[in-house]
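Here the structure comes first, spelled out in structure tokens, and everything after it is commentary.
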Amino acid sequence: MALEVISAPSNPLPCRPGEALVLRWQLRFSEDLAPGAQLQLRNGQAVAVIPDAVPARCCFELGLHVDAPSFEANAVQRFVFTAGEFSRDLDVVLAIRRDAEIEERRAEPHPDLGIIPGNHTRRIYFGKAHGAQAEATSNASIHLPEIVTQRSQDDWALVDQTRLFPELPPSLKERFGNEASLRFWVNGKEKVVLSGQFPVTMNLAEFLRYHLGLTGTKIGCGEELETISKEKVQLAAVVKHLKLVAHPQVRDVASWAGNVMIAKTHPDFPSDICLLLSTLGAKLTLMNASKKTEVVEIISFLSDSSLPRQDQAQIIHSVTIPFPGPDNFLDTFKVMRRHMNTHAEVNAGFLFQFNGGAEVASTRLVIGNIEHKPFVATETSKALLGKSLDSATISAASKVLEQELKAHLMEPTVPEPPFVVVDPQYRLSLATQLFVKAALRARMNRLGSQALSADERSAAEEPQRPASCGAQHFTVDHSTAPVGQPMEKFQGLDQACGTAQFVADTPLLPRTLFAVPILAERVALLQRIDAADCLEVTGVHSFISAADVKDVGASNDLKTTYPGKIFADAAEKTSHLGQFIGLVLAESFEAARSGARLVHVDYEESSEVTTTIDAAVQRGAVKERHGLLSVGAKVTGSQTLQGRLVSSGQKHLYLETQTTYAYHDCNGGLVFNTACQTLDWAQTQMAKTLNMPKSKITVQNQRLGGAYGGKAMLFAPVCGACGVAVLKSKRPVLLQMDRTLDFRAFGGRAPFDASWDLSHENGKIVSLKQEVLQNVGTDMLGFSQASSVNCYNIPHAQLHCKGVITNLPVNTWMRAPGDFEGAFIMEAIMEQVARAVGRDPVEVQELNLAEGMQKAWQRLKAKVAYEETRKAVKDFNSQSRYRKKGLYCMGSRYQLEPNTFMEKCFLR
Numbered sequence: 001m002a003l004e005v006i007s008a009p010s011n012p013l014p015c016r017p018g019e020a021l022v023l024r025w026q027l028r029f030s031e032d033l034a035p036g037a038q039l040q041l042r043n044g045q046a047v048a049v050i051p052d053a054v055p056a057r058c059c060f061e062l063g064l065h066v067d068a069p070s071f072e073a074n075a076v077q078r079f080v081f082t083a084g085e086f087s088r089d090l091d092v093v094l095a096i097r098r099d100a101e102i103e104e105r106r107a108e109p110h111p112d113l114g115i116i117p118g119n120h121t122r123r124i125y126f127g128k129a130h131g132a133q134a135e136a137t138s139n140a141s142i143h144l145p146e147i148v149t150q151r152s153q154d155d156w157a158l159v160d161q162t163r164l165f166p167e168l169p170p171s172l173k174e175r176f177g178n179e180a181s182l183r184f185w186v187n188g189k190e191k192v193v194l195s196g197q198f199p200v201t202m203n204l205a206e207f208l209r210y211h212l213g214l215t216g217t218k219i220g221c222g223e224e225l226e227t228i229s230k231e232k233v234q235l236a237a238v239v240k241h242l243k244l245v246a247h248p249q250v251r252d253v254a255s256w257a258g259n260v261m262i263a264k265t266h267p268d269f270p271s272d273i274c275l276l277l278s279t280l281g282a283k284l285t286l287m288n289a290s291k292k293t294e295v296v297e298i299i300s301f302l303s304d305s306s307l308p309r310q311d312q313a314q315i316i317h318s319v320t321i322p323f324p325g326p327d328n329f330l331d332t333f334k335v336m337r338r339h340m341n342t343h344a345e346v347n348a349g350f351l352f353q354f355n356g357g358a359e360v361a362s363t364r365l366v367i368g369n370i371e372h373k374p375f376v377a378t379e380t381s382k383a384l385l386g387k388s389l390d391s392a393t394i395s396a397a398s399k400v401l402e403q404e405l406k407a408h409l410m411e412p413t414v415p416e417p418p419f420v421v422v423d424p425q426y427r428l429s430l431a432t433q434l435f436v437k438a439a440l441r442a443r444m445n446r447l448g449s450q451a452l453s454a455d456e457r458s459a460a461e462e463p464q465r466p467a468s469c470g471a472q473h474f475t476v477d478h479s480t481a482p483v484g485q486p487m488e489k490f491q492g493l494d495q496a497c498g499t500a501q502f503v504a505d506t507p508l509l510p511r512t513l514f515a516v517p518i519l520a521e522r523v524a525l526l527q528r529i530d531a532a533d534c535l536e537v538t539g540v541h542s543f544i545s546a547a548d549v550k551d552v553g554a555s556n557d558l559k560t561t562y563p564g565k566i567f568a569d570a571a572e573k574t575s576h577l578g579q580f581i582g583l584v585l586a587e588s589f590e591a592a593r594s595g596a597r598l599v600h601v602d603y604e605e606s607s608e609v610t611t612t613i614d615a616a617v618q619r620g621a622v623k624e625r626h627g628l629l630s631v632g633a634k635v636t637g638s639q640t641l642q643g644r645l646v647s648s649g650q651k652h653l654y655l656e657t658q659t660t661y662a663y664h665d666c667n668g669g670l671v672f673n674t675a676c677q678t679l680d681w682a683q684t685q686m687a688k689t690l691n692m693p694k695s696k697i698t699v700q701n702q703r704l705g706g707a708y709g710g711k712a713m714l715f716a717p718v719c720g721a722c723g724v725a726v727l728k729s730k731r732p733v734l735l736q737m738d739r740t741l742d743f744r745a746f747g748g749r750a751p752f753d754a755s756w757d758l759s760h761e762n763g764k765i766v767s768l769k770q771e772v773l774q775n776v777g778t779d780m781l782g783f784s785q786a787s788s789v790n791c792y793n794i795p796h797a798q799l800h801c802k803g804v805i806t807n808l809p810v811n812t813w814m815r816a817p818g819d820f821e822g823a824f825i826m827e828a829i830m831e832q833v834a835r836a837v838g839r840d841p842v843e844v845q846e847l848n849l850a851e852g853m854q855k856a857w858q859r860l861k862a863k864v865a866y867e868e869t870r871k872a873v874k875d876f877n878s879q880s881r882y883r884k885k886g887l888y889c890m891g892s893r894y895q896l897e898p899n900t901f902m903e904k905c906f907l908r
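Per the UniProt record's numbering, the very first residue in the sequence shown carries number 1; after that it's consecutive.
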């Protein structure tokens, strides 16, 4: 038997002279509680006895009334609750402690033991006895009401006439007054609880969920769906799915109602929240300013353009979710390209209701990313009605579902953001297979795993990914220690705890202005920049553009550090999408953002924008950097292959975006506190751009919140814009890019298109011709040598990497620039050759490894027990029809010239 303590008094509990002590515990048992359960002191003396039985899962409340103490103190005693052989300590209070002195008092049983009216909650009070010290309350003095252990689906009656605090505590009186009340709605009817009629020790949600045993509940627009779902075992699938929405930081601050409104205003958005609510048959309650409500289904709300009704100023007030019962099975899916922070390729929810066994009473099948709202497969539900979920039924229903989906499949309505870009046939096939998987799981849930064949179990079982783990091993030369001896990173604890300070955490000087940039949306000449509406926004200070650069005696050019200008020049076309056009300065970030939305930019006729490698090649925008690199004498193998690999690139996702705080120092110079990897570059560039001696430019930072090459040169526009703004306004300026603007204005790892021709002899590559086209953005400064043979010995190789110029922001270095891409391309080549000759990829890799790599490769294989792991993977795959495991090895050779890179280290 398990005892759940739902709530208990605080420990210790302050008590004061003249104030009686009223204590309450809310308890719930997993099994029926037999008559005779006792509340006892530690010494075994019974305080009171509950004479009648308490049904399982029945929530009841024990109340204890104690006379007021004669002095101010804290109650700190413990009790034991016993029921037959079961006992559990409750941290509850009943003795009075003053300093080291303890005065113990026994709580005497109350002669009129009362039970709260209501079918699911029983409140039992013990207090001071009228007579002498009775050991327990007799059964004769107790009125036993009828106990109802089951409720109908629609029985949502509130518990009235409860014994509650006679008045509000002083802390609530000060805030709400003596006439405070709680108002809420049950089954569309308004309920009012006046002061003194509601337990102040619990909130309304607890009152409804624990005391009423509801089959469904209403959730306010700000309540946590994930928390509520955990309270119902049937909603485990919802909890699992909610954890796939965005990522923890977003879920901590976002609301489910906000997600619903995004889906309402962006029809292509495959909302997971809307899909879940629709699967559960939830209904939204809309409320207007007059508190009149309107209940609508999720699908109707998304489809009806008149909702929410603007003329009535409606808002989403709450959602009502019917909880699945014990005869229901719920399963949900979200297929996505990353494990978090991404939209669904296809998402789906399947709710099955059964008639006792495996016969289907009803279903609700909802699939996302088929049309511009969650799609409900009604025809498939009809095909399943009244049938058992055997293999033949599932197969037939999947065919009905495929035809139903095909008739409703829609394409995206807007190119940006590209929510629905997945191949239509893939979406159809995937949605159908997800239904089959859910149906098999539903059958297994009802009849057990023995009801499925081995192949069906392979499809139905959900893979459980264990937690990743790793270990670090260091070899220390004690003759040179502490040099070479591992030590804990001295800033690690601050960074892990969130106490480390970054640029934007710098204490701001008085009169600091906050900046938000305006970005180019076309590649064209600027015809007019209209900032009049922006400057009327309360708090906006000024608007800075290229015209102000000349006024402060600065240069708009950022070369050679950065291939561009601070602001787009009116005399030239914007060089790329996302180029800085101007800067809004305001007294707060909120005012700056509001003003930035009102800046209107007119362009002259724009030229065609080139963003892809194919389009740039057609324009002839291909440039050389190193030319053809050739290795070894020309030889040819008897077997040939051709291949191609395309990458879309990678954006920098440093936790700290590009940020600069600039201000005047006391010597007539400027200080730049900037998130920059290359402080010496920044000082040289700012001195050149602002026409100031280097001695007048101070560049500093505390630390970087991530960089990986993204803060080596991309700082320049941000620093330059801040410098001009400080000189123009004569006030400190903070420019902290938000994530969207950072993505739009700056590049990352360059996309590439690699192709190759090779010859081999049974897996041993003899010759390789590799050509790589790299989308460098607007300038070749974003180029990196992305072709290589990595760690392999290729007798004859011709490597040719070229850059293509597009109208995207210049791309930049990112963690092993060029080497990563080259290694990735070579691994794709090894995989292709292995498939062609029908050999294990590891064998082909070993056949082609460079001589110096062989020893390290074999040592690593032995260390990780490669052969044993490979055998275990093969055994698993031979027994699993649908689920498969894989094992891959990869080598990498990365050369760092000691005369090229100089590193600094700090000792303490």
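Don't be surprised by glycine CBs; every beta carbon is placed ideally from N, CA and C.
From a predicted model like this one, the values you see are computed outputs, not experimental measurements.
Cβ shell of residue i (< 6 Å), same chain only, five flanking positions each side left out
{"i": "L447", "result": "A358"}
{"i": "V422", "result": "E345"}
{"i": "Y888", "result": "none"}
{"i": "T574", "result": "A520, V523 and A568"}
{"i": "A531", "result": "F543 and V599"}
{"i": "Q314", "result": "L286, N288 and P308"}
From the options, residue whose alpha carbon lies closest to that of residue i
{"i": "K863", "options": "N775, P751, A546 and H473", "result": "H473"}
{"i": "A662", "options": "Q312, C722 and F876", "result": "C722"}
{"i": "K694", "options": "A570, N701 and Q683", "result": "Q683"}
{"i": "F752", "options": "L741, C534, G763 and S784", "result": "S784"}
{"i": "E831", "options": "E843, E821 and F820", "result": "E843"}
{"i": "A716", "options": "S545, V483 and T561", "result": "T561"}
{"i": "A514", "options": "H541, I805 and R364", "result": "Position check: residue 514 holds Phe in this sequence, whereas Ala was assumed. Cα-wise, what sits closest to F514 is H541."}
{"i": "L741", "options": "A377, A257, V516 and Q677", "result": "V516"}
{"i": "R457", "options": "Y894, R881 and S30", "result": "R881"}
Sequence-distant residues of the same chain with beta carbon closer than 7 Å to residue i, five excluded per side
{"i": "V537", "result": "A591, S594, G595 and L598"}
{"i": "S892", "result": "N790, C791 and A823"}
{"i": "R744", "result": "L519 and G578"}
{"i": "M890", "result": "E827"}
{"i": "E379", "result": "V400 and E404"}
{"i": "E402", "result": "L428 and T432"}
{"i": "L781", "result": "P563 and V810"}
Span of the alpha helix (DSSP H) around residue i
{"i": "I298", "result": "I298 to S303"}
{"i": "W813", "result": "Unbroken run through W813: none, as it is neither H nor E."}
{"i": "G720", "result": "F715 to S729"}
Distance cut-off 7 Å: residue i Cβ against heavy atoms of the ligand COA
{"i": "V810", "result": "You won't find the ligand COA in this model; it holds no ligand whatsoever."}
Boundaries of the beta strand (DSSP E) in which residue i is found, first to last residue
{"i": "Q700", "result": "I697 to Q700"}
{"i": "L280", "result": "Careful: L280 lies outside any beta strand (DSSP E) and carries neither H nor E."}
{"i": "E771", "result": "K764 to G777"}
{"i": "Y661", "result": "T659 to H664"}
{"i": "E371", "result": "V360 to E371"}
{"i": "R528", "result": "L526 to D530"}
Close beta carbons around residue i, own chain, < 8 Å, minus the five adjacent residues each side
{"i": "L655", "result": "G705 and G706"}
{"i": "S271", "result": "N259, V260, I262, A263, G368 and P374"}
{"i": "residue 924", "result": "Residue 924 cannot be examined here, being either before or after the span of the chain that is shown, 1 to 908."}
Short Cβ contact (8 Å threshold) for residue i with residue j
{"i": "V366", "j": "A348", "result": "yes"}
{"i": "S787", "j": "H800", "result": "yes"}
{"i": "V622", "j": "V772", "result": "no"}
is_contact[residue i, chain C] using C-beta, thresh 8 Å
{"i": "P326", "result": "Of the protein chains in the structure, only one exists, and it is not chain C."}
Can you confirm whether the stretch 723-740 touches the stretch 763-783 when touching is taken to mean that 3 or more C-beta pairs between the two stretches lie within less than 8 Å? no
Touching by the beta-carbon criterion (3+ pairs, under 8 Å), the stretch 730-750 and the stretch 658-673: yes
With three or more beta-carbon pairs closer than 8 Å as the criterion, would you say the stretch 488-499 touches the stretch 549-558? no
Does the pairing of the stretch 379-397 with the stretch 461-475 give three or more beta-carbon distances under 8 Å? The stretch 379-397 vs the stretch 461-475: no contact.
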